[in-house]
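Since the structure comes first, as structure tokens, the remarks are kept for the end.
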Amino acid sequence: MKPAMANYYLNHNAQQNGDHEVHMAPCVTVSSFIVSNMEYLGSFASCHSAVNEARRRHLFWKINGCYFCSAPCHTT
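According to the working numbering, numbering within the sequence shown proceeds without interruption in unit steps and concludes at 64.
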């Protein structure tokens, strides 16, 4: 059986520590996904794949998973 896929987005607005967070839709911390601030990363089976895609696209950004919706990928 295939793992469930989820849609992931990258916030273009960095957190105070410089991290750009990867969110799984829907996320309780993001009331509405504002198109101008969020980049659709794709549909993935895990946050790890979504974070890897975000890092591939933005080589010099600090990328981190959201504490709430992508906890296994939250490192700082």
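Yeah, the Cβ is synthetic: ideal placement off N, Cα and C, and Gly gets one too. Treat the numbers as computed from the prediction; the structure is a model and nothing was measured.
Tell me whether residue i sits in a helix, a strand or coil according to DSSP, three-state version.
i, result
"residue 37", "helix"
"residue 13", "coil"
Does the distance from the CB of residue i to the CB of residue j come in under 8 Å?
i, j, result
"residue 26", "residue -2", "yes"
"residue 16", "residue -4", "no"
"residue 32", "residue -6", "yes"
Got a sec? Which residues, its chain only, sit under 8 Å from residue i by beta carbon, not counting five neighbours each side?
i, result
"residue 60", "34, 35, 36, 53"
Between residue i and the rest of its own chain, which residues show a CB-CB distance below 6 Å, the 5 nearest in sequence each way excluded?
i, result
"residue 12", "-6, -4, 57, 58"
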